[in-house]
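Contents: one structure, followed by commentary.
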Ligand code: F0G
């Protein structure tokens, strides 16, 4: 692709029209804030945070056109014009026949899991996502990880660590029978693997396999536009194609999707479920009225659907993706150059720090990634998120911590929000903490909620020399 102008490769294709003032804190204030939050960055108040890299979910800056769209929102309970505009845009870019808006991604996951999974089923997937797996389990299914082995190794530079291992998938299907595998859960730019893409070649092979066995492919489309960008960059056959056309080709090889529009689609709230099958859609619409709202708003205001429709037009723009992914790489390369152990290749939505290698002296059941995220906050007011033993939760059969191979701290970049100077502050913060890493102790969990414990669990520092 040739750049349209001669400016630096990833410079932003927008300028700032409005700013939001940040609150600065002292180290003493931050030490108190993290103690009060039980050493869980989810429990901090945002006013105590300087640079918020907790998540890229619902944290994007909307454009002037999206804000204008809010005024255009049709707040009719039924048959909102905003729904029909969104439907047209989703059909254009994703290509599925049917669209059901939901309040956010997990609303779509709930509906899809209830519709497709029967108790005793197995759902293979290219690594778990927290809410996705929980909805599969609540519907009576069991998630089985069939991602390639390289995905569990932060140092492997495989260009498509999100690929499905077809041998692992076939082993499962042989063992339990295709009748007990309603669909494969395929995620674009696999979040828990570090924002790593699957390749089109892998998807095509998966498609042939699943057609032969009668297994559906349901896409988690949350960050699939970013996945399309990586396919263009890394797969020779796609070098000259547009992100738009690659996205469409991905969707055409799948049977439906769930979407958290709070990521790729540049909105602060929203999601959707899509499928091609008429009968499945009828049933989905019927469940929606119980759990979300009428099928033409699904838990969203008309204005949210307007913002999403416009956000999708902007999200598929080449220069948007170049700036988005360019900024993540800028931060990642700065950290890698400073000798910080990060997950490679650098993904699309975040830089992942390998807490096992950063804090080798902290045992995994003392939650090194949780402890490290708390340290980053105390150091500079930078808020990150644990993606390791706390997020993985307990095995429902044994009750033990799952102790995943990946014990990561995620520095997640909201889209269009922070500047290059902010990225420099983040890098300095991480390097400062790295220099005093030997003094950092692990944590013990003092409160553990039943579901998705990482959101609300509380911790205390382990006593020194414990
Ligand atoms: N799927 C993926 C891949 C996600 O990353 C998320 C959310 C969801 C589904 C659920 O969507 O939040 O709209 O209900 N990820 C956020 C994160 C929370 O920070 O990674 P939701």
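In my numbering, the protein residues as written are 624 to 1089.
Even for Gly, the Cβ is constructed at its ideal location relative to N, Cα and C.
Contact set for residue i: own chain, Cβ-Cβ below 7 Å, skip 5 residues either direction
i	result
residue 1024	988, 1012, 1017
residue 837	801
residue 782	857, 968
residue 916	922
residue 978	991, 992, 995, 1011, 1030, 1031, 1032
residue 1078	665
residue 872	823
residue 1015	1025, 1027
residue 830	840, 876
residue 731	725, 881, 882, 894, 895, 896
residue 700	917
Beta-carbon contacts of residue i that lie in its chain and below 6 Å, excluding the five residues immediately before and after
i	result
residue 1133	Summary: the structure shown does not reach residue 1133, with the chain confined to residues 624 through 1089, and so no result is reported for it.
residue 767	745, 747, 795
residue 819	784, 785, 813, 970
residue 942	636
residue 799	745
residue 625	With a pLDDT of only 49 at residue 625, under the threshold of 50, the placement of this residue in the model should not be trusted; the figure read from the coordinates follows. Excluding positions up to five away in sequence, the list is empty.
Beta-carbon gap between residue i and residue j smaller than 9 Å
i	j	result
residue 883	residue 728	yes
residue 749	residue 972	no
residue 661	residue 986	no
residue 695	residue 926	yes
residue 742	residue 922	no
residue 1006	residue 675	yes
residue 1008	residue 677	yes
residue 753	residue 1075	yes
residue 1043	residue 950	yes
residue 890	residue 843	no
residue 848	residue 877	no
residue 684	residue 1037	yes
residue 888	residue 734	no
residue 769	residue 787	yes
residue 816	residue 775	yes
residue 886	residue 845	yes
residue 874	residue 764	no
residue 686	residue 1020	no
residue 1070	residue 928	no
residue 682	residue 1040	yes
residue 851	residue 826	no
Residue range of the alpha helix (DSSP H) that includes residue i
i	result
residue 852	847–857
residue 980	978–981
residue 832	823–836
residue 753	753–761
residue 739	728–739
residue 949	941–960
residue 694	687–695
residue 658	650–659
residue 772	Residue 772 -> no alpha helix (DSSP H), and no H or E assigned at all.
residue 1034	Segment 1031–1035 is the beta strand (DSSP E) holding residue 1034; no alpha helix (DSSP H) there.
residue 1057	1043–1058
Local Cβ density within 10 Å of residue i, reported as buried at 16 or more and exposed below that
i	result
residue 975	buried
residue 859	exposed
residue 672	buried
residue 642	exposed
residue 652	exposed
residue 944	buried
residue 644	exposed
residue 983	exposed
residue 868	exposed
residue 1089	Low per-residue confidence applies at residue 1089: pLDDT is 44, beneath 50, and the placement is therefore not dependable, though the value from the model is reported in the following sentence. Residue 1089 comes out exposed.
residue 668	exposed
residue 879	buried
residue 854	buried
residue 679	buried
residue 739	buried
residue 640	exposed
residue 632	exposed
First through last residue of the beta strand (DSSP E) which encompasses residue i
i	result
residue 1082	1081–1084
residue 724	721–725
residue 896	894–898
residue 765	765–768
residue 1009	1008–1010
residue 1020	No beta strand (DSSP E) contains residue 1020, which DSSP labels as neither H nor E.
is_contact[residue i, chain B] using C-beta, thresh 9 Å
i	result
residue 877	Structure shown: chain B not included; a single protein chain is present.
Residues near residue i in its chain [Cβ-Cβ closer than 8 Å; skip 5 each side]
i	result
residue 780	967, 968
residue 806	739, 746, 838, 839, 840, 841, 878
residue 1055	1002, 1003
residue 1045	674
**OP:** Evaluate the contact criterion for the segment 927–936 versus the segment 710–718: three or more CB pairs, one atom per stretch, below 8 Å.
**Re:** yes
Subject >> contact_flag[the segment 1049–1056, the segment 955–963] where n(CB pairs < 8 Å) is 3 or more >> reply: yes
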